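Peer 1: Residue numbers (the working numbering): 2 to 81.
Each residue gets a CB set at the ideal place from its N, CA and C atoms; glycine is no exception.
All values reported here derive from a predicted model rather than from experimental measurement.
Take this structure, written in structure tokens, and hold onto it; I'll ask about it next.
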């Protein structure tokens, strides 16, 4: 690509460049059926591991920035 050419932007129904405000992002992984699945959690954890490049670790190399995975509480597990 030369310095005078511009990239070709292909329209996408799930992404709009005019809504881009900063470098933050959110990952969303779910089964469309609503079925609970370890695979969904495993994929979410894999995606979270990919965020290490963000510099999400504080200066003490122990404290994080709060990035994580949100799941439903397993009510049956906590009953008693």
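1. Measure the beta-carbon distance from residue 49 to residue 70 and round it to whole angstroms, keeping in mind my assumption that it falls under 8 Å.
2. Taking the alpha-carbon positions, what's the residue 10 to residue 81 distance?
3. Alpha carbon to alpha carbon, how far is residue 45 from residue 64? Give it in angstroms, no decimals.
4. Rounded to whole angstroms, what's the CA-CA distance from residue 75 to residue 62? Just pull it up for me.
5. List in chain order: all unbroken alpha helix (DSSP H) runs of 4+ residues lying wholly within the segment 28-54.
6. Would you give the residue range spanned by the alpha helix (DSSP H) that residue 78 belongs to?
7. Tell me which same chain residues have a C-beta within less than 8 Å of the C-beta of residue 32, skipping the five on either side of it?
Peer 2: Result, derived from the coordinates:
1. Indexing the chain shown from 1 puts residue 49 at position 48. Indexing the chain shown from 1 puts residue 70 at position 69. Confirmed, about 6 Å.
2. By 1-based counting over the chain shown, the position of residue 10 is 9. By 1-based counting over the chain shown, the position of residue 81 is 80. So the alpha carbons of these two residues sit roughly 56 Å apart.
3. Mapped onto the chain shown, residue 64 falls at position 63. Mapped onto the chain shown, residue 45 falls at position 44. Each residue's Cα considered, the two are about 21 Å apart.
4. Looking up residue 75 in the chain shown gives position 74. Looking up residue 62 in the chain shown gives position 61. Rounded to the nearest whole angstrom, the C-alpha separation of residue 75 and residue 62 is 31 Å.
5. Qualifying alpha helix (DSSP H) stretches, in chain order: 39-50.
6. Residue mapping note: residue 78 aligns to position 77 of the chain shown, counting from 1. Start and end: 76-79.
7. Here the question's residue 32 lines up with position 31 in the chain shown. Within the same chain, 38, 41 come within 8 Å of residue 32 by CB-CB distance, once the 5 residues on both sides are set aside.
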